[in-house]
Every structure is written in structure tokens, then in C-alpha cells.
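Heads up: the structure comes next, in C-alpha cells.
Chains as they are written, first to last, in my numbering: chain A, 2 to 518; chain B, 2 to 518.
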């Protein structure tokens, strides 16, 4: 029987994850790290080709050269999203080589990675640590994976690698353009995806790094988003990704009148509390409501001639328009969500690459996230204490990753613009199914039925005093929604087995996810 | 009595440096590092201001906050060259705080740093590790410094920090532009110097990092050549440097007919052995002869419509012209030698920043230096075995640093265009006073009296067969020069004391420098 301990948020979490001791969540900013950063082995130039040509025949050869063996950790990245062909090729090669019990450590996985289920079944892969969008999440939720999944935020993934909590034996980096030395960029080439920041930590700390490209250029590949000095081998494939699926489908503005209302309320809220002023900054996520929010804000900025100092991406055509129109000095971009974002990153000096290190790493000397004036984020559930869930649905199924969500909660004003119910299931609940973000960091919930402000934010409550905004109490909101939906959401039927641990930004365990059914 | 051991080059070197065991040079590419990279302590965002504002009152306050105490190592950098005001301010503050026995670890020191002699005398500074140009070198040469100096190449300095051979307690980075979070750039501001690459290792590995600027801009300072996520504190000074002295005086083309002849011969040599062809690459140093070489090469490329893939800087107006004229795809720049270089770095996407990590670090997975088709470098002495000296004069005085010189020797064709004598003292000698570069890496010596090719390079010897170039044997050349100068150079009068150790690119000791007189 797995040992569970109660953490500072009152959640029962595993004391041990896949055989290693885990630290329960201690409260926001309470865990004090005492160690040192991971220390990769020293290498020497005499062991690498003087002409800089590190190209080898294929992935299988590269894995053999890298010393692949049972039980190793292999990392890949989600820059190519649902168009990625590299991770599948890596595990197909590993299977052919007959290795077993690998830990797959992707920055995120997508439906395209469904073939890994066969490798989980056959024993090639022991378990996955990383976001599992779609079928792999479903597989994990059913308790089928031998090991426990571990979900981390983008910043938490950097922290875990940097801190040596996750040791990567072999990192495989899909590179839309690369040179034979291993310099890589994502901003050009037939499978351009923008940037490669999610692979930064892997390149810095993995024992062995393999770059895989379908667009080899002569040295130097500029910009070198990933530095060849971190790369051991380069592999050329015919095609690393399906370009039509690389760009995310999340860049459609919502057409739902309710969601447009939510977005507009969120933008009005930012305006009325005084956030929207010259030199301000904001970040909006990738969903349709967030996009609509950004567009409302843009219109307001145009009208008032207000200029932001920076906006954070996920970039898309709307943020690029703002930059090119002079409505912001900079886009500080963590990933590009459409081809306009990719183009702008190549062309505009004000469109700047960031990484989980600069933006999100909690075990650093500060990060960018806490400097944001406002951030708007989604959630699957929010409870009456403003705690939020972003990974499981109310039925308990683990279907989403954390992304940069936890990291962004540290902004000066964290706003969740969400519908009050989905498919007649309340989104505002008594207690979230899975705790991903502590309520103390979540400032405002904006729904189509009103705006609830966290009682801790007395400043925001004063700021809206006398405003025409529909301010409501979160408990009243919850009751109203329960009335509409015919009561509280049904409790999911959960098993005893903890199938996944949810890490907080500092590497502690904030919650566990139980098997479903 | 200091224990000396004979290294693989036959030089007697100290077995111990300032109380720590040192590894004697084992031969090129022979030393196998077995350790791991230095592992800096973990930090956490809760200990840094959430608003990103790390500005403190002044340098003294910053040093106190950093926990300055006796015996610590403080690093500074030579981006501001002989115009630097920051290093002096740091040690003035340290002296006021009453600390003693500091190790000063500059990337290089200049005549402007002469005030440190008083701190060496008073005991504030114990010794210097780093290039000592001018008065500090003279002071060290006379045996006045309590500890032993250690001279490293730019790449060797990165290696030493990365490998944990030199632990930096406090790094102070002079930043021509910075934001309150600590992001820094050298490419703009009233004291713009180009780039800040020499401080990269310090920012990554020092326990504590202080950025000092006279041009504070709102977050984000873009580009962030030094990342604020590595910076603990920011200090604003009225003026960090004397702009008129930041740009090096080494960008004057030589007017000496002999040196112009040497430069022309070097360029003709590159042409005749087939180096100058589409897609080639070269690096020329900062001296007048090197500049003239680059100009001869440029003219030849223009005439033949040959385009380089990349040229390496130290950049200057001549390289910038080549880039802007389309004679090269890229300048891969390690430091800017004039304001045109600074401008181009800001404006041209093809003018790319490099660092000692990308370019020179021997304990990495390859570096850029070995990919150069040709490099031209200076030397104070060369011997009949093609060994070269770049730090001491024939009188034994230690007056120059190593810079990137040792690192550059790994190019495909290393050419030393040098006068055969200076002030009637032969430059071609029986044995160099100080060994900085092993002869096996030095391919060609070009003098006004002929070109000597290293017998190891049979390919180059064949390539010039039948050419009109004045090819000579190095021993004949030496004898001819001795005839002109009235014999061999006088042996310097050297003391017993080893005042400085010269490190090879891999951290081993290639030679020692004795006190003079």
C-alpha cells in the first residue's frame, strides 16, 4: 500500500514517487532548497570532431553511441506539438534495440504520441513524467502505467532538471533547423515551430544530447537557440514533423457569446482597477477566451493610446499586430502559437525568445512571471477558496498538462476567466478534484455570471468599489451555478491507486491524482 | 623552496599554485578530465523581490549584502578595457570595508587598474589571476606579489570556472545598460562596449553576482547578454567607464612597410594554399598587421567574388564592411574593437555574439575555434620548433595576456605573421622564454624575410610547391636574423621565484614565469 502524507494544503500526497522520497508541499514560498545545481560530467574537445561535424547515420546509431541501456531516462520536447514525429521514432528505435524500463520525460505529450502506449505495454517504457494530453492521459488515468506519472509546470520541469531531481541520460531535441555542430533553431525551416526553449534545461544538464533535424545548414546555424556546444550528435531525418499540426489549434477566437462576455469583463476589470496604463504588461494564454481578452485589451489600448512595456506570449498574430503597431515595446515569448508568431520571432528584434529558465524557474534569482501586471489563465475547476485545477476534469480523468500555468500564478494579478459551468457541470465547486494552484495566488474569477475577487485582495476590492462591474461572492456564484445545473457535480469514482503526482513550482508535491473507475 | 616538475613540453612548472596541487601539461589533447562541472548553490524566488527590482544603494552596500569577507575571490571583466572604472571602485570599497587577502580574478587587467598595486601592498588583495597588461604585469614580474599569478586564455578562464578550478565568491559585472532585474547588455548606452561574453561564466557559476551600470532602463533590457536570472544585485553608478578609452587603440592599420609586406605575404599564402574559397572562414586578431592582413584578404575576395561563410572578430569597421558588403554571411564576434563593431552588433542580425563558452572552452563538446580555416595571431617570440610565446618579452618581463590566442591555435591553419626582429632583438629564437603555444599547433610563420612552414604540415608544403612565395626553413631564418642583430638575444636575468603560472587550455600548467632581476 502506498504511503500517503498530508501536505500544507491538506491534500494526501505520496511520500515516495517511483521509489524516491518526495517532499510534500509546504506552502507557497516555504520550501527552502539547500542543495546545489546538478553537475554534468566534464567533456573535452579531443573527444569531439575538430571539424565540428557530429552527424551520425540515424537515431538508432545515435542511441547506441549514447550508450542507451535499460532504465535510462530519455527526454523529448513538444515544440512540434501534435505534429511531432521524433519522439515516436526514438522509442521505435529503442524498442528495436531491445531496451526496457525507460523513463520518458517529455516536456509534454500529445495524441500523436499514442504509439507509446504499445511501448508502455511491452515494457520498453516504464512510465511517463510530463503532461499527457489525450490518450496517454486516459491510459494513465485508468491506472495502466507501471510507474507513477509526475506532472510539472514548465518552470517546475526546468527546476527539476537543474536541481538534479530528474537526471536525463539522453535528451533528444527535434530541431527545425540545425548545423552539423548541433546548433539548433526553431524559427526557420520546413517544420519551423518558433523557439526551442523547453529543451534548454535538457541541453544544459543531460549526460548526452542528440539533435534531430530535417533541415541541415552549414555552420553556423543562427540563431543558436540550442547551443551546439551542448550537443553530442546530430541526426538528419527526412521529416521531423507534420507542419500542418505543429501550429496549435488554440488560436481561434471564441464565438460563444458567453465566453466573449467573460473576456470583455476580464478586460474591463483590468481597466477599472487601473492595470491598463502606459508601461504595463500582461500575459494571455492560448485558449479562445484568452485570445478574445487580448483583443478587447488591444482595442482599449488603441483607443486610449496606451502602450505596454511588454506582453508575454504564447505569441500569435494578435500579439504580433500589437508589436508591429507599436502597442507594446516587446513580446517576451515562450512559445509561438501560429506562423505569424514564427515570422515575427525571425524578423522583429522586439520579439524576444524566453525560456522556462528566464520566465518560470522558481529555483533561480527571481523570474519574469512575478513581474507581470496581469495574467489570464484557464482552469477546469475552481473552488470556493479560489484553489484551482487545470489537469483533471470533474470526472477525475487526467487529460491536461500544467504548462506554464502554475508559474504564471505569481503575477501581480492572476485572473481566471472561465465559464461557470461546462456541459451542465459546475466549474465552481466546493473543493477542486485536483489541486494545482493554491487559492492565495488566484486573485479574480471572471464568469459570465459575475466576477469574484479573492478576499485577500482588499486592494482590488476597493478598486472596483462603485464600479458597474458585476462583482459577486464566490459562494453565491457557486450556489447560483448549482441551481442552474441541478446540484453539485457528481463525485467521481476514484480508485485507491495514485497514478500521478502533481508537483508545485518548487519540486514539492501539491497533490496526487487517483485512478479512475 | 617551490617544488617544480617537468611537464610534457620539457618545461619546469610549479607542482602547486597558491597552496593547491596543479597538473603539469600532458601534451595537446592528452589530459582527460574526470570530474563534473561546478555546481552553484540553489536559490529560490522567495528570497528575491517579486517586482524584480534588485537595485541597491552602492557598491559597498552590495559587497556587504554579498557577505564579502577575507580571502574571497572577486571577479571583474575587461569589456571596458582601459576605460574601466568599476574594478577600481570595487577594491576601493573592499579596502574601506577592511577585508584582506582577496583574490582578484579579472578576465584581464589594464594600466587603468594600477591603483590595485596599493591594495596588493596593503594586503587587501593577495594576488591576481588574469592577464596583467602594463604596470601590474611589471609589478608581478618583479616578484612583488604575495601569491602566484595564474594566466589563462579566454577559453581557459571559462574552463577553470566551469570545472570548479576557480570558485568565484562575488562576480561584479560592469554593464553599459541594465534593468533592475539584472539583465545586462554591452551593445548600447553611453559606455557601450559591444558584448559581455567574458562575464558569462562568472554569471553562471559565481555564488553571488552584482551588475553595475550607468544606464538603468526599465525591464526588460534587451538583448540580455547577461541574464538577470543569474544576478543578485544591481548597482547604479554615475559612470562606469571612460568611453574614449573603452575602444581599443589596436585598430590602426600598420604603416610599417615591413609589416605591410608580412600581412600581404600571409594573405597570399592563404590564397595559394587554397584556403580562400567560397564558404571559408578566418579570424584575424586586433594588431595592425592582422588588420592589414584582413584588408588584403578582403580586396582579394572582392576581386574574385569570393564569399566567406563566417569571419571571427574582435570586430572592427573592416569586418563590418565585409558583412555589410556581402563578403561574409556572418561575423561571429567575441569582442568589439571599435564603435562600428558595436553599431553593427546592434543592427545586423548576421553580426552574432559569441562567448568563451561557444568559441573556446576546451572542456565542452567541441568549440568554434577548430572550425576556422585560418587564423592569424601575433607572438613575442617563436622558436625553431615553432613553439611560441605571447606573454613575456625576451627580457623575461610579463607584459601581456594570453587572450584567445591559445584557443585559436586549434584552427586548421594557424599563421603567425611577425617581424623577424624587434628593436634589433631576434623574434625567432632557439627556445622561447615562456612557452604559451606548443609548436605542433603552429603551422606557418610569416616574416618580412620569408615564410617558414611547420614540417608537420606536409600538405601545406606541397601546396606551395612551385609557388613564388619566399618559403624558408625556420633555422635558416633564425640564423639570418641573428646575423642582422649581431647574435642571439641576451639571456634574461631571471630569479628563482616563479611569479606566474601559464595554464594550457585544459587547465594544466604549460609553463612558469620567473621573477626578473
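Beta carbons are placed, not taken as given, at the ideal position from N, Cα and C, and that holds for glycine. These figures come from a predicted structure and were not determined experimentally.
Within 7 Å: the Cβ of residue i and any heavy atom of the ligand SAM?
i: residue 260 of chain A; result: Absent from the structure shown: the ligand SAM. Ligands present: none.
Do we get a CB-CB distance below 8 Å when we pair residue i with the residues of chain A?
i: residue 337 of chain B; result: no
i: residue 136 of chain B; result: no
i: residue 46 of chain B; result: yes
i: residue 509 of chain B; result: no
i: residue 111 of chain B; result: no
i: residue 334 of chain B; result: no
i: residue 302 of chain B; result: no
i: residue 363 of chain B; result: yes
i: residue 311 of chain B; result: yes
Going by DSSP in three states, residue i sits in which element: helix, strand or coil?
i: residue 155 of chain A; result: helix
i: residue 363 of chain B; result: coil
i: residue 484 of chain A; result: helix
i: residue 133 of chain B; result: strand
i: residue 477 of chain B; result: helix
i: residue 269 of chain B; result: helix
i: residue 316 of chain B; result: strand
i: residue 496 of chain A; result: strand
i: residue 278 of chain A; result: coil
i: residue 390 of chain B; result: strand
i: residue 503 of chain A; result: strand
i: residue 309 of chain A; result: strand
i: residue 247 of chain B; result: helix
i: residue 290 of chain B; result: helix
i: residue 407 of chain A; result: helix
i: residue 6 of chain A; result: strand
i: residue 285 of chain B; result: strand
Based on the DSSP secondary-structure assignment, which residues constitute the bridge partners of residue i?
i: residue 185 of chain A; result: A/179, A/227
i: residue 213 of chain B; result: B/175, B/236
i: residue 354 of chain B; result: B/334
i: residue 18 of chain B; result: B/21
i: residue 514 of chain A; result: A/501
Is the Cβ-Cβ distance between residue i and residue j less than 8 Å?
i: residue 462 of chain B; j: residue 132 of chain B; result: no
i: residue 154 of chain B; j: residue 336 of chain B; result: no
i: residue 396 of chain B; j: residue 431 of chain B; result: no
i: residue 263 of chain A; j: residue 418 of chain A; result: yes
i: residue 32 of chain B; j: residue 509 of chain B; result: yes
i: residue 135 of chain B; j: residue 111 of chain B; result: yes
i: residue 1 of chain B; j: residue 514 of chain B; result: Nothing in the structure corresponds to residue 1 of chain B, since chain B is present only between 2 and 518.
i: residue 38 of chain B; j: residue 160 of chain B; result: no
i: residue 367 of chain A; j: residue 182 of chain B; result: yes
i: residue 76 of chain B; j: residue 173 of chain B; result: yes
i: residue 81 of chain B; j: residue 175 of chain B; result: yes
i: residue 359 of chain B; j: residue 334 of chain B; result: no
i: residue 216 of chain B; j: residue 178 of chain B; result: yes
i: residue 72 of chain A; j: residue 52 of chain A; result: no
When the cut-off is 8 Å and only beta carbons count, does residue i lie next to chain B?
i: residue 167 of chain A; result: no
i: residue 479 of chain A; result: no
i: residue 51 of chain A; result: yes
i: residue 39 of chain A; result: yes
i: residue 331 of chain A; result: yes
i: residue 278 of chain A; result: no
i: residue 368 of chain A; result: yes
i: residue 444 of chain A; result: no
i: residue 102 of chain A; result: no
i: residue 34 of chain A; result: yes
i: residue 359 of chain A; result: yes
i: residue 107 of chain A; result: no
Taking Cβ-Cβ distances below 9 Å as the criterion, which residues of the segment 230–264 of chain A are in contact with chain E? Chain labels in this structure do not include chain E; the protein chains are A and B.
Just to confirm the assignment: which complete alpha helix (DSSP H) runs, minimum length 4, are found wholly within the segment 77–141 of chain B? 87–97, 117–123
Taking only runs of the alpha helix (DSSP H) that begin and end inside the segment 23–73 of chain A, which ones reach a length of at least 4 residues, in chain order? 60–66
My parser needs the beta strand (DSSP E) runs of 3 or more residues fully inside the segment 419–481 of chain B; what are they? 445–448, 451–454
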